[in-house]
Every structure is written in structure tokens, then in C-alpha cells.
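Counted the way full-length UniProt numbering counts, the sequence shown spans residues 1 to 270. Below is one structure; the comments refer to it alone.
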Amino acid sequence: MRSAMELGCVVRSAQEAELTARLPLDYLEIKGDMLCVEPGEFAALCVRLRAAGLPFKAMTSPLPRRFKCRVVGPDADHAAALDVFRDMCDRGAVLGVRTVVLGSGQARSVPPGHSSGQALGQFRDFLVQAHQVCAERDMTLALEPLNRTETNFVNSCAEAREVVDGLTGVDVRITADCFHIMSEQLPIADEVAAAGAAVGHAHTSSVPRGSGDFHEGAQKEFVAALLAAGHRGGLTVEDDFGDFGREAPAAVDVFRRVLASASASGPSLP
């Protein structure tokens, strides 16, 4: 029976990518930070990553913290942020990335005294420009709501839907993340339904990350909600593994089981 959706895993190093070779995964999602190497080192890194054998279909963290990008607030610098974003997308494209997940909580946090309305306008303006960068590379941009420990702006799928629905002439999608939904203590099914047809990608993990507690019942609810919203794309495990070689296989087993359950109980898939 074909799985309800594809299963991937975020990798933060070439070594982690190599350790996924024998896991029952469909793709990998690259952490943007690991692409921040000198041009001469990048070619060698790509050779090593491709040798891992799984396609790199997605990339997260396209505005790595080291660059201190800001896209809202009085210190916002869209030109500088877009330079970083464009370079990361170019590097991701070399590896075949097709979905770019924009979380980047530090870049979008609203400083005290800055109006929320102005921040929303600034953020939408940046999204339009970032979408153009992605479109030129045949990539999809997917905005990720984050919990309040990571940013104070766009903390739910409902808020993300409001942001993207206010864009004109561009199709920015939403990355629904079960970890962030549960961290905010929001109703899982309602949150995914709020994103609805705008869902373009999904993340999940143990809660808290790194705990090994996957809340399997909640994960099944999450996957069922994604299917009800029409999502048939990627579900990426994004966890804080202390020992990737030991912990990642256990996590993949959990989510393979969750997806198999969804396939068995849900409607036939196209």
C-alpha cells in the first residue's frame, strides 16, 4: 500500500545525510546552515551529499542566524536578507531542492514599540520578493508558523493563512509543524484546517524536541488533518537528535507507522 505522503528528515551535516542511507525515507531536508561553506568547499560537500543516495527535496533555515538578517522592524534590510536568501536558494538548487521552508524566527521577530501593522506590511513585502527568487528557480516558498519561544510574529497556522491570503499575485504556501502547534497548545485539527489548501509542506518531531516522546496519537491526528486538507506532499521529521545514528531510525519507524495507519484507515489516495 502506498504511503499517505512522503517521509523525509532534516539533516544538519553531511555525516547525518550519510547515516540516513539505510533508513526508509523518501527524501532529505537540508538545514541551510550546512551550506554556508566557501565556494571551493561547496562542490566537495555536494559530491558527498549526493553520495548519500536520497534526494534533497526541501531546505529549511534559508536565512541562517549567523547573517543576522532582519525583515521587519526599523532595522529591516530586505536587500541584505534577499542576498542571503538568493545565495541559499542557488546552493539548494544545485542539490535539487524544490521546497524552501521560511521559519527564521529571529529575522521576523517584531521589536518593542514597532507596530504590528507595519511589521505585517514589511513581512508581506519580503515574502513577495522571496517568492520571486523561488519561482525563478522552480521552487515553492512555504511560510512556517513558529512557537513563541522562537518568535513573537506568526505563531499559528491561522495567522500564517492570514499573512499569505493578503499577498497579491504570488502563491506562498504554509508549512504546518506539529511540534509548534503542540508547543502553542493549539487544537491540531483546527490549526491544520485553518491552513487548509495552503498547506504545501509539513514538519513533525518528538515533543519537546529531543525528548523521544512522539505523542503518537497526536501525530495520527496531525496526519489525518493534513490528508483532510488535501496535502499529499512531504512530512519531514525535524528533531534535536543527541545521537542521530541511534535516535533517527527510531523516529523514522514511528512516523512510518503513523503514515501506514493513515493509509490503511483513510480514503484511497490518487
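Beta carbons: idealized from backbone N, C-alpha and C, even for Gly. These numbers come from a predicted model, not from an experiment.
Proximity winner among the options, relative to residue i (alpha-carbon distances)
| i | options | result |
| --- | --- | --- |
| D33 | E41, P62, A225 and L7 | P62 |
| A228 | V100, M59, E159 and V199 | V199 |
| K68 | G117, R108 and T204 | R108 |
| F153 | F214, D240, F56 and G105 | G105 |
| C36 | E29, E6, A76 and G92 | G92 |
| S183 | R173, V170, E150 and T175 | E150 |
| I30 | P24, L102, A76 and E216 | L102 |
| T60 | A76, C89 and A43 | C89 |
| Q118 | A76, A225, G212 and V164 | A76 |
| C196 | P111, F214 and L226 | For the sequence presented, residue 196 should be read as Gly rather than Cys. Closest option to G196, Cα to Cα, is L226. |
| E216 | P249, R257 and E247 | R257 |
| residue 276 | D87, G212 and V110 | The structure shown does not extend to residue 276, since the chain is modelled only from 1 to 270, so the question has no answer here. |
Neighbour-count burial assignment, residue i, 16 or more Cβ in a 10 Å radius
| i | result |
| --- | --- |
| Q219 | buried |
| G53 | exposed |
| T20 | buried |
| P145 | buried |
| D177 | buried |
| G73 | buried |
| T168 | exposed |
| S206 | buried |
| E38 | exposed |
| G40 | exposed |
| E191 | buried |
| A224 | buried |
| C9 | buried |
| A43 | exposed |
| A251 | buried |
Check whether residue i and residue j have beta carbons under 7 Å apart
| i | j | result |
| --- | --- | --- |
| L259 | A4 | yes |
| residue 279 | R66 | In the structure as shown, the chain begins at 1 and stops at 270. Residue 279 is therefore absent and cannot be evaluated. |
| H201 | G245 | no |
| V174 | L143 | Checking the sequence, you will find Ile at residue 174 rather than Val. Yes; because the gap between Cβ atoms is below 7 Å, this pair is in contact. |
| F56 | G96 | yes |
| L7 | L23 | no |
| L141 | V172 | yes |
Cβ-based neighbour list, residue i, same chain, cut-off 7 Å, excluding 5 preceding and 5 following
| i | result |
| --- | --- |
| V71 | H78, A81, A107, R108, Q122, F123 and F126 |
| F85 | P62, L63, A130 and V133 |
| V94 | C46 |
| R209 | F179, D239 and D240 |
| A17 | V11, L28, L49 and A52 |
| V128 | L167 and V170 |
| L186 | S156 |
Same chain, Cβ closer than 8 Å to residue i, five either side skipped, listed in chain order
| i | result |
| --- | --- |
| E221 | I188 and A189 |
| A194 | S156, C157, A158 and R161 |
| T204 | D177, C178, F179, Q219, F222, L235, T236, V237, E238 and F255 |
| G242 | G210 |
Chain-order list of residues whose beta-carbon lies under 6 Å from that of residue i (same chain, five-residue window excluded)
| i | result |
| --- | --- |
| H231 | V199 |
| R148 | N155 |
| R98 | K57 and M139 |
| R137 | C89 and A93 |
Heavy atom of the ligand MG within 6 Å of residue i beta-carbon
| i | result |
| --- | --- |
| V37 | Ligands displayed in this structure: none; no statement on the ligand MG is therefore possible. |
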